[in-house]
Every structure is written in structure tokens, then in C-alpha cells.
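To get this note's numbering, take the position in the sequence shown, counting from 1, and add 2.
Heads up, the beta-carbon is just placed ideally off N, CA and C, and yes, glycines get one too.
Just so you know, these numbers come straight off a predicted model, no measurement behind them.
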Amino acid sequence: MLVSERELGSPDRVGALRKMLEPGSLPAPVAFHLRARLAGRELFAATEMVRDLAARETRPGRAHPIVVNGRVDIALAAGAAAVQLGRGALPVGAVRGLVSHTRGLPSVAIGKSVHSAGEAAAAAAEGVDWVIAGHVFDTDSHSGTPGRGIGWLASVVTRAGDLPVIAIGGIVARRVDALRQTGVWGVAVSGAVWAGRDPVETVRELTAIRWPTAPDCTV
Numbered sequence: 003m004l005v006s007e008r009e010l011g012s013p014d015r016v017g018a019l020r021k022m023l024e025p026g027s028l029p030a031p032v033a034f035h036l037r038a039r040l041a042g043r044e045l046f047a048a049t050e051m052v053r054d055l056a057a058r059e060t061r062p063g064r065a066h067p068i069v070v071n072g073r074v075d076i077a078l079a080a081g082a083a084a085v086q087l088g089r090g091a092l093p094v095g096a097v098r099g100l101v102s103h104t105r106g107l108p109s110v111a112i113g114k115s116v117h118s119a120g121e122a123a124a125a126a127a128e129g130v131d132w133v134i135a136g137h138v139f140d141t142d143s144h145s146g147t148p149g150r151g152i153g154w155l156a157s158v159v160t161r162a163g164d165l166p167v168i169a170i171g172g173i174v175a176r177r178v179d180a181l182r183q184t185g186v187w188g189v190a191v192s193g194a195v196w197a198g199r200d201p202v203e204t205v206r207e208l209t210a211i212r213w214p215t216a217p218d219c220t221v
């Protein structure tokens with residue numbers, strides 16, 4: 003999963019997205035998580051832009067899912083695949099009810115962000131489709147707060163049961179082997195891609211890594 007924390011309007015970032023989303027550009031599908039703090043109109047426009055770029059890939063099993071942070075209304079209206087719920091978001095049950103009563107629009111999957119093994123267990127009981135757990139390693143986006151570590155991540159995976167767990171926070175390719183040992187379903191990456199010299203090549207490197215527990219999306 004590729005996370006975008008900031009506005010997508012810069013020419014460099016849009017150019018990188020276009021290149022990433024060229025049909026056949028990446029070794030495997032990648033989910034795009036729009037987490038930028040934008041007003042509704044701007045977030046909707048950004049979601050539509052990424053959706054349209056991703057739609058150029060038409061081969062079966064190669065679709066790039068679009069995930070909208072927090073805004074189930076925008077996820078539904080823009081035809082995104084999923085909404086990611088954080089702290090302070092609507093309860094999962096309320097979101098499920100909203101989705102089930104919204105006729106004429108495609109349904110969306112629901113992910114939830116968690117920061118403890120207990121939160122992961124609670125999310126599993128709520129019936130979400132996956133959790134994003136972090137931050138695992140030190141990261142600039144949480145400067146001053148140490149990463150929780152591999153042992154912590156393993157405990158999250160255990161408490162989550164059969165629920166897919168996606169690791170986030172300080173993720174780089176050289177750490178993936180250790181992460182896979184915990185049983186996580188995949189990883190979510192932001193800084194390693196957008197702050198690097200070649201965002202497209204970094205995503206290619208990460209999507210080339212095979213995750214036996216994640217048949218549809220590797221990063």
C-alpha cells in the first residue's frame with residue numbers, strides 16, 4: 003500500500019504516479035491510500051485523478067485499489083475500493099450501515115488503523131476487512147516517538163487472528179524479511195517512496211517482493 007500524506011498536485015508527484023500506474027509498470031498491484039488532509043472538494047478531485055490513472059490497467063487481477071482516508075462519502079462518490087478509518091472516525095457499524103444503504107454506488111471495503119494489540123482484536127470483532135498497524139519503526143512522521151518494534155507487531159498479528167494486518171512506519175525494503183516473519187499481510191509505505199530519489203523504482207522494488215499471505219496486493 004502506497005500512502006500519500008500530502009497534496010498530489012505537484013508536477014513531480016503527479017508525474018511519478020502516472021509512471022507507476024502505466025499498465026505493466028509494476029510487478030504486482032499496489033493499493034493507493036490517500037491520506038492527505040484536504041477539504042472535501044480537493045480530496046474528491048485527487049481521488050478521481052488517481053482512480054482514473056489506475057483504471058488504465060485493465061488486465062484481470064492487476065487492478066490498483068484506491069483507499070480514501072476517513073471519508074466514506076468521498077470513497078463512495080469517487081468509486082474508491084475502500085475507506086480507512088482512524089482514531090475519531092465513525093464507528094465501523096455506522097460505516098457499514100451507510101454503505102449498505104447507499105444504492106446505485108459500488109460498495110467499499112473498510113480498513114482501520116490500530117496502535118495496539120488490543121485495538122487490533124477490537125477491530126477484528128467489529129468486522130473490518132484489515133487493519134494498518136504502526137508505527138513499527140522510527141519515522142519522520144512521528145519524530146520523537148520511538149517505533150514500537152517487531153515484537154509489538156507480532157503481538158498485533160496474533161491478536162488480530164485471521165484479520166489481515168498491514169505494517170506501517172519506517173518501512174524500507176531491507177526490513178521486509180523481518181516483517182514477513184511476523185505474519186503480516188503486507189506493508190504501507192510513504193516516506194521511503196516520496197522522500198527518495200526515484201519513487202517509481204522504490205515502488206517497483208517493494209512490489210516485486212512476494213507475500214505468500216497476500217495474493218492480491220504486495221505493498
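DSSP, reduced to helix, strand and coil, places V138 outside both helices and strands of the structure shown, so it counts as coil.
Assignment of beta-bridge partners to Q183 by DSSP yields no partner. Setting aside the 5 residues that flank it on each side, L181 is surrounded in the same chain by V138, I152, L155, A169, I173 and V189, each with a C-beta closer than 8 Å to its C-beta; the list follows chain order. The alpha carbon of A47 has as its nearest neighbour, out of G63, H66, P93 and A77, the alpha carbon of A77. The alpha-carbon of L55 is positioned some 32 Å away from that of G185. Distance from the CA atom of G17 to the CA atom of L10, rounded to whole angstroms, is 10 Å. Counting only runs that start and end inside the segment 62 to 94, the alpha helix (DSSP H) elements of at least 4 residues fall at 74 to 80.
In the three-state scheme derived from DSSP, where H, G and I count as helix and E and B as strand, L36 is classed as strand. Scanning its chain for C-beta atoms nearer than 7 Å, with the 5 sequence neighbours on each side dropped, one finds around A111 the residues A83, A84 and D131, in chain order.
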